[in-house]
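Going left to right, the sequence shown walks through residues 321 to 611 as our numbering numbers them.
Comments concern the structure below.
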Amino acid sequence: MASIGFIGLGTMGRGMAANLLAAGHELHVHDIRREAVEEFSARGAKAAGSVAEAARDAEAVVLMLPDTPQVEEVVLGPGGLVESPPAGRLVIDMSTISAAAARSMAARLEAVGTAMVDAPVSGGPQGAESGSLSIMAGGTGAGFAAAQPILAALGTTVRHVGPPGAGQTVKACNQLVCAMNLQAICEALALGRAAGLDLELLREVLLGGAASSWMLQNLGPKMIARDPSAGFRIDLKLKDLRLAGELGFQHGLPLPGLALATSLYLEARAHGEGANGNQALFRVYDRLTNQ
Ligand code: NAD
């Protein structure tokens, strides 16, 4: 079993770190929130007061941070992983960040003899807790091979999808599908509501046919119950839609569905829903339909 540094014990990271502990790995955990670190040291992990401390004795360091600036701080910043690489010379970034930044950080780490695998995930907090995430990994063949035994404790679909940055590109495609799927569900529920349908029954029937989806299965009940609790915050989804849009621009590609979905998410944030879960997109349809 490996000694692993784990940085970022938030909504996703806490379930993932728990699975690594359960798989018998030794964890050196770090987070800027002291209470998150204390929770894990009570569960048998070793508390690390800094990035360098989390990395020092580790065969690999896993990152699960909100966005590109936080990953850049941990990798490139003072006392970060370029200055203080893990003993095993492997960094696995599982956050959703910019593909260009992932490529650039992989090159900086490569220059100090350390492999970086970008391995963002899909499956939500439920998938993180149950170790059933879908993991899309970019990196060199050797980097992915070294990361695989660790990733196997976190996901059931674990694929090497290409060179550094490719994992983030696949994740952007994933988020396009998720955003438009959620929008379609909102629209169907709004129509069903206006027509006087029983929304639970509508959901149950849609789940039984070609309209079924992860979003309808997992977020549908919260949408119908008007429960806005996160989950996956609207703010983080907007970050992902921005990353997908930037990729579209780079390739000179019109992505009209993305543009519409992004506008609806921006409307949600403008109404103070940024910290709410993704299912709060349905409240945009409440407003559009005067509910
Ligand atoms: P989160 O905000 O709940 O957790 C992030 C954690 O990182 C927090 O505990 C925070 O204190 C810590 N942190 C922030 N900056 C830090 C730093 N400089 N050093 C150390 N710790 C720091 O976010 P999350 O929902 O767990 O998401 C993490 C990543 O996973 C994001 O990129 C997100 O887009 C992606 N993701 C989230 C979900 C989801 O359903 N929540 C699903 C798939 C992917």
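A virtual CB, placed ideally from N, CA and C, is assigned to each residue, including glycine.
Buried or exposed, going by whether 16 or more other CB atoms sit within 10 Å of the CB of residue i?
{"i": "residue 610", "result": "exposed"}
{"i": "residue 582", "result": "buried"}
{"i": "residue 503", "result": "buried"}
{"i": "residue 462", "result": "exposed"}
{"i": "residue 495", "result": "buried"}
{"i": "residue 506", "result": "buried"}
{"i": "residue 569", "result": "exposed"}
{"i": "residue 274", "result": "In the structure displayed, the chain extends from 321 to 611; residue 274 sits before or after that span and is not available."}
{"i": "residue 614", "result": "With the chain represented from 321 up to 611, any question about residue 614 goes unanswered, as that position is not in the structure."}
{"i": "residue 593", "result": "buried"}
{"i": "residue 342", "result": "exposed"}
{"i": "residue 418", "result": "buried"}
{"i": "residue 525", "result": "exposed"}
{"i": "residue 480", "result": "buried"}
{"i": "residue 572", "result": "exposed"}
{"i": "residue 362", "result": "exposed"}
{"i": "residue 551", "result": "buried"}
{"i": "residue 472", "result": "exposed"}
{"i": "residue 516", "result": "exposed"}
By DSSP, does residue i sit in helix, in strand, or in coil?
{"i": "residue 485", "result": "coil"}
{"i": "residue 564", "result": "helix"}
{"i": "residue 593", "result": "coil"}
{"i": "residue 388", "result": "helix"}
{"i": "residue 602", "result": "helix"}
{"i": "residue 319", "result": "Absent from the structure is residue 319, since the part of the chain shown begins at 321 and ends at 611."}
{"i": "residue 395", "result": "helix"}
{"i": "residue 554", "result": "helix"}
{"i": "residue 582", "result": "helix"}
{"i": "residue 379", "result": "coil"}
{"i": "residue 523", "result": "helix"}
{"i": "residue 427", "result": "helix"}
{"i": "residue 329", "result": "coil"}
{"i": "residue 340", "result": "helix"}
{"i": "residue 546", "result": "coil"}
{"i": "residue 573", "result": "coil"}
{"i": "residue 458", "result": "strand"}
{"i": "residue 321", "result": "coil"}
{"i": "residue 475", "result": "strand"}
{"i": "residue 437", "result": "strand"}
Among the candidates the options, whose CA atom is the shortest distance from the CA of residue i?
{"i": "residue 388", "options": "341, 364, 438", "result": "438"}
{"i": "residue 384", "options": "431, 528, 444", "result": "444"}
{"i": "residue 431", "options": "493, 342, 401", "result": "401"}
{"i": "residue 564", "options": "499, 339, 540, 521", "result": "499"}
{"i": "residue 322", "options": "345, 335, 332", "result": "345"}
{"i": "residue 501", "options": "538, 403, 467", "result": "538"}
{"i": "residue 358", "options": "559, 334, 526", "result": "334"}
{"i": "residue 477", "options": "362, 568, 468", "result": "468"}
{"i": "residue 330", "options": "354, 324, 343, 341", "result": "354"}
{"i": "residue 410", "options": "530, 578, 465, 603", "result": "465"}
{"i": "residue 580", "options": "474, 403, 552, 561", "result": "561"}
{"i": "residue 403", "options": "424, 576, 413, 434", "result": "434"}
{"i": "residue 314", "options": "337, 586, 551", "result": "Because the chain spans 321 through 611 in this model, residue 314 falls outside it and cannot be assessed."}
{"i": "residue 474", "options": "492, 441, 368, 553", "result": "441"}
{"i": "residue 376", "options": "405, 386, 588", "result": "405"}
{"i": "residue 543", "options": "523, 574, 493", "result": "523"}
{"i": "residue 566", "options": "540, 588, 420, 356", "result": "420"}
{"i": "residue 493", "options": "424, 471, 577", "result": "577"}
{"i": "residue 446", "options": "534, 396, 372", "result": "534"}
{"i": "residue 591", "options": "555, 574, 575", "result": "555"}
{"i": "residue 557", "options": "540, 541, 588", "result": "588"}
{"i": "residue 347", "options": "540, 470, 515", "result": "470"}
{"i": "residue 575", "options": "497, 386, 428", "result": "497"}
Measure how close the beta-carbons of residue i and residue j come, nearest whole angstrom, since I'm counting them as under 8 Å.
{"i": "residue 365", "j": "residue 349", "result": "5 Å"}
{"i": "residue 391", "j": "residue 370", "result": "With 8 Å as the limit, residue 391 and residue 370 do not qualify as a contact, their Cβ atoms being about 16 Å apart."}
{"i": "residue 528", "j": "residue 519", "result": "About 15 Å separates the two Cβ atoms, so there is no contact after all."}
{"i": "residue 332", "j": "residue 422", "result": "At roughly 17 Å, the Cβ-Cβ gap does not stay under 8 Å, so residue 332 and residue 422 are not in contact."}
{"i": "residue 378", "j": "residue 408", "result": "6 Å"}
{"i": "residue 327", "j": "residue 380", "result": "About 11 Å; that fails the 8 Å criterion."}
{"i": "residue 509", "j": "residue 602", "result": "6 Å"}
{"i": "residue 426", "j": "residue 484", "result": "4 Å"}
{"i": "residue 451", "j": "residue 339", "result": "4 Å"}
{"i": "residue 337", "j": "residue 360", "result": "6 Å"}
### the stretch 488 to 501 in contact with the stretch 447 to 465 per 3-pair CB rule at 8 Å
Yes, they touch.
### Query
Are the stretch 594 to 602 and the stretch 547 to 564 in contact at 8 Å, needing three or more beta carbon pairs?
Of all C-beta pairs linking the stretch 594 to 602 to the stretch 547 to 564, three or more are shorter than 8 Å, placing the two stretches in contact.
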